[in-house]
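Chains as they are written, first to last, in my numbering: chain A, 54 to 391; chain B, 17 to 455.
In this text, a Cβ means the ideal position worked out from N, Cα and C, and glycines have one as well.
In what follows, a single structure is set out as structure tokens and then discussed.
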Amino acid sequence: MDLNSVWFWLIAVLIIGYAILDGFDFGVGILSLFGRDEKERRIHVNAIGPVWDGNEVWLITGGGALFAAFPAVYATVFSGFYIALMLLLAALIFRAVSFEFRNKVDSPAWRHAWDWAFGLGSTLPAILFGVAMGNILHGVPIDANGNYLGTFIGLLNPYSIGVGVLSLVLFTMHGAIYLATKTDGHLRDRCQKWATHLWMDYVMLYIIITMWTWLASPFLFKDSSSKSMFYVFIIVLLGSIVYLPILLKAGKFNRAFLVSSLIIAAMLGQMALSLYPRLVPSSIDLNDSLTIYNSSSSLLTLQTMLVIALIGIPIVLVYSICIHYVFRGKVEITEESY
Amino acid sequence: MDALLLARLQFAFTIGFHFLFPPISIGLAWLLVIMEGLGWRKNDEMYVRMGKFFGKMLALTFAVGVATGIVMEFQFGTNWAVYSKFVGDIFGAPLAAEGIFAFFLESGFLGLYLFGRNKVSKGVHWFSILMVALGATISAFWIIVANSWQQTPAGYILRNGRAELTSFYDAVFNPSTVIRYLHTVDAALIAGAFFVTGIAAYLILKGKETELAYRAMKIAVIFGFITSLLELMPFGHEHAKQVARTQPEKFAALEGLYTSQSGAPLVFFAVPFTKPPELKAKMEMPGMLSWMAFGDVNARIKGINEFSPENIPPLWLTFVSFHNMVVLGMYFIAISLYACIQLRRKKLIETKWLLHLFVWSIPLPLAACQLGWITAEVGRQPWIVYGLLRTADAHSTTVTAGEIGFSIILFGLIYLLLGILYIYILVREVNHGPLPVKM
């Protein structure tokens with residue numbers, strides 16, 4: 054495997070890590086909109102309070118890695134998806150400050166306002182993540198010079214919105230399962246019910262979107278179906294999808310959380326595999342697509358970055374796991390809580 | 017207005033707003049390392065309460081810093097796509113390294129610091145604030161690396177229509193990185209020191225928790241004096257020498273040297289006029305600039321007249337922001353020195369006017385940071401990468417003025433709201449004071 058491919062997969066790993074980790078943050082935030090009272094909503098906020106910020110760093114690092122390894126993709130996609138990204142940033146800003154702000158003033162109206170900021174600031178990114186993935190699977194109008202020719206409205210095509218709904222449902226389910234691991238009693242029972250319902254919605258949507266993808270972007274299946282990894286992802290994905298409701302019914306939420314993480318990883322992994330070696334297919338002419346070869350940095354930069362990643366990532370994983378371990382178990386509301 | 021001007025406006029205003037918060041975070045985090053360390057080693061409840069009190073403010077500041085920081089990382093791609101393609105081979109690596117080496121560290125351990133006080137041992141808890149401080153300081157390093165490469169590019173070759181890396185070491189440790197890093201981080205430490213000093217002074221004036229506030233102030237004024245002094249000598253001085261050697265146009269602009277001369281004077285005060293460039297009402301010391309920059313009172317320094325007009329930076333703004341930053345820097349040394357003297361005489365609490373002055377001085381180091389940043393960035397114009405790429409050629413060609421106008425209004429409103437709420441909540445927290453002793 055050449056360095057360009059190594060970087061393709063490293064960025065895929067960063068995006069998958071982000072989707073799994075901030076994915077449950079989004080889900081918990083979305084579900085907080087359905088919290089019954091102040092106490093319940095506070096549990097939602099504090100279930101992810103100590104970890105959400107570290108989770109968001111996966112996005113920042115992914116963005117930096119994309120800039121470093123494939124600057125042409127970073128430049129074309131970010132300037133092309135301008136309005137969508139600005140809305141995403143606005144949502145992430147509101148979510149970030151809602152944690153700190155909501156409990157600082159003892160007034161129901163104030164808290165209510167920040168609960169909405171938290172909920173909607175989680176909902177919009179959950180949808181936009183899928184819309185962005187949908188557009189990439191579908192291909193975007195890129196000309197032979199690598200310039201984006203589309204519009205904001207063009208990004209909101211029916212197929213991409215469909216993928217946006219799929220990601221909304223998937224992240225909400227993932228968040229419900231996470232919340233179940235962090236709570237007791239009625240709230241946990243409701244999480245269990247939510248997760249089960251959302252699992253059914255997810256399965257239905259997944260079937261529809263897969264068929265739609267097959268119609269919209271047949272090129273994705275042409276090369277990838279001959280690779281053995283393609284079948285590994287399919288087996289993991291289908292196995293996880295089947296196994297999940299069994300675990301939910303048995304109340305084994307920790308394991309269910311791992312399995313729903315696997316669903317996200319396998320779906321995105323399969324997507325990466327079908328795109329490879331393209332990063333952004335062109336909908337004008339597939340030959341004008343941005344690939345890991347025509348949009349990459351120089352060999353020296355890719356090598357240097359690999360060294361940085363090999364030094365940095367193991368350290369990050371060690372202390373991140375330790376920190377998540379410290380905050381394992383049920384949410385306790387103390388004087389330090391948000 | 018055209019897309020270029022709007023893109024520049026948006027960058028200036030989003031980075032300017034963002035840069036209000038990281039200096040406080042960095043400075044405050046290191047002061048918390050001291051406070052929490054004392055609380056742990058001396059097993060003194062008062063330092064623990066001090067830590068909790070200022071820790072809340074760190075959390076608040078950090079949250080707004082994070083929220084406004086993501087915008088920056090995306091903005092190179094959204095608004096400056098041509099730039100991003102040109103420098104991506106070099107500029108992306110520090111940003112990715114910042115994520116891996118710094119952001120994970122500070123955000124992960126901040127969660128542990130804020131919520132783990134009763135979940136881990138005291139030593140581990142202190143270690144967590146140390147890691148937050150270290151992470152924030154490392155993060156500043158990689159950002160300064162990226163920005164210094166724009167100022168004094170090195171370790172690259174122009175190939176395939178872009179700057180390609182030839183030596184990572186040379187690019188990271190380009191001629192301005194180290195001194196700019198020390199100068200910037202020290203400025204952040206001053207901002208943290210004045211933040212704590214001002215809040216402690218406020219508590220003393222209100223007669224609230226005076227003992228705790230006095231101890232916090234003691235730590236912060238000493239810290240503030242040392243860092244303010246270092247900021248002038250050696251960091252500020254060495255940084256100016258580096259600019260004189262590596263960016264002579266910028267140096268001439270910020271010192272107000274409009275015609276080349278030997279024995280160039282150091283201008284302390286002047287009112288700059290632009291057409292033609294001229295300083296009026298000057299207060300200056302002959303030969304001083306030549307001596308400071310090149311160690312020789314007779315050294316010849318290039319003035320603005322020696323550079324071609326399309327390569328000189330805006331003169332007025334560069335001069336004014338630089339000189340006001342220096343004035344503020346002198347003020348920090350003077351006020352913190354006087355506070356240290358009063359502290360030694362045990363008269364700090366009685367010197368009410370000084371306490372009042374400290375309260376009103378909280379935002380001044382931030383103003384100095386902004387002015388320094390304006391000097392650095394405006395002084396680099398018309399280049400986005402000094403000598404290699406002009407700002408006018410670097411923005412996204414596919415993004416329209418209307419789209420940028422939309423995002424400026426969007427972020428303008430959001431940042432206005434954030435700014436107001438930040439100050440409102442901060443003032444509330446300070447007025448609540450530290451949590452009472454548990455019975």
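- Within chain A, the C-beta atoms nearer than 7 Å to that of threonine 414 (chain B) come from Ser132, Gly133, Asn200 and Tyr201, in chain order.
- Per DSSP, the continuous alpha helix (DSSP H) segment holding tryptophan 169 (chain A) begins and ends at 161-191.
- In this structure, the straight-line span from the alpha carbon of threonine 407 (chain B) to that of valine 193 (chain A) is close to 28 Å.
- The Cβ atoms of leucine 181 (chain A) and glycine 217 (chain A) lie closer than 8 Å to each other.
- For histidine 199 (chain B), the closest of B:Leu426, B:Asp186 and B:Gly252 by C-alpha to C-alpha distance is B:Gly252.
- Note on geometry: alpha-carbon atoms of tryptophan 332 (chain B) and isoleucine 345 (chain A) lie some 46 Å from one another.
- Taking C-alpha positions only, phenylalanine 241 (chain B) is separated from glycine 203 (chain A) by approximately 56 Å.
- If the five residues before and after tryptophan 142 (chain B) are omitted, its C-beta is found closer than 7 Å to the C-beta atoms of Glu52, Gly53 and Trp56, all from its own chain and listed in chain order.
- Counting the other CB atoms within 10 Å of its CB gives phenylalanine 87 (chain A) a total below 16, which places it among the exposed residues.
- When DSSP states are grouped into helix, strand and coil, alanine 410 (chain B) belongs to the coil group.
- In this structure, isoleucine 146 (chain A) and threonine 77 (chain B) do not form a Cβ contact; the two beta carbons are roughly 15 Å apart against a cut-off of 8 Å.
- Identification of chain A residues near arginine 133 (chain B) by a Cβ-Cβ cut-off of 7 Å yields Glu389, ordered along the chain.
- Nearest C-alpha to glycine 388 (chain B) among B:His339, B:Ala417, B:Phe120 and B:Thr367: B:His339.
- Rounded to the nearest whole angstrom, the CA to CA distance from serine 175 (chain A) to alanine 162 (chain A) is 20 Å.
- Taking 8 Å as the cut-off, the beta carbon of glycine 199 (chain A) is found no closer than this to the beta carbon of leucine 332 (chain A).
- Fewer than three beta-carbon pairs drawn from the segment 109-125 of chain B and the segment 22-33 of chain B are found closer than 8 Å, and the two stretches are therefore not classed as touching.
- Against chain A, the CB of threonine 193 (chain B) has no partner CB under 8 Å away; the residue lies outside that interface.
- In this model, leucine 67 (chain A) and glycine 115 (chain A) are separated by some 6 Å (Cα to Cα).
- Where lysine 296 (chain B) is concerned, the enclosing beta strand (DSSP E) starts and stops at 294-301.
- Distance between methionine 186 (chain A) and serine 213 (chain A), taken at the CA atoms: about 7 Å.
- Taking the Cα positions, tyrosine 218 (chain B) is about 14 Å away from lysine 234 (chain B).
- Per DSSP, reduced to three states, the secondary structure at glutamate 180 (chain B) is strand.
- When Cβ-Cβ separations below 8 Å define contact, phenylalanine 251 (chain B) makes no contact with chain A.
- Excluding five sequence positions before and after isoleucine 316 (chain A), the CB atoms of its chain that fall closer than 6 Å to its own CB belong to Ser293, given in chain order.
- Runs of the beta strand (DSSP E) lying entirely within the segment 264-340 of chain B, each at least 3 residues long, are 282-289 and 294-301 in chain order.
- Taking a C-beta distance under 8 Å as the contact criterion, glutamate 225 (chain B) and proline 398 (chain B) do not qualify as a contact pair.
- Residue pairing for serine 335 (chain A): DSSP places it in a beta bridge opposite A:Val193.
- For tyrosine 172 (chain B), the uninterrupted beta strand (DSSP E) segment begins and ends at 172-175.
- Isoleucine 145 (chain B) and tryptophan 376 (chain B) have their alpha carbons spaced roughly 28 Å apart.
- Where tryptophan 62 (chain A) is concerned, the enclosing alpha helix (DSSP H) starts and stops at 56-85.
- Inclusion of glycine 319 (chain B) and leucine 273 (chain B) in the CB contact set at 8 Å is warranted, their separation being smaller than that value.
- Taken through DSSP and simplified to helix, strand or coil, leucine 248 (chain B) comes out as helix.
- In this structure, leucine 290 (chain A) lies near alanine 319 (chain A), with their beta-carbon atoms less than 8 Å apart.
- Chain A places a beta carbon closer than 8 Å to that of arginine 444 (chain B), counting this residue as a contact.
- In this structure, the straight-line span from the alpha carbon of serine 192 (chain B) to that of glycine 102 (chain A) is close to 39 Å.
- In summary, tryptophan 267 (chain A) is exposed, with fewer than 16 beta-carbon neighbours lying within 10 Å of its beta-carbon over all protein chains present.
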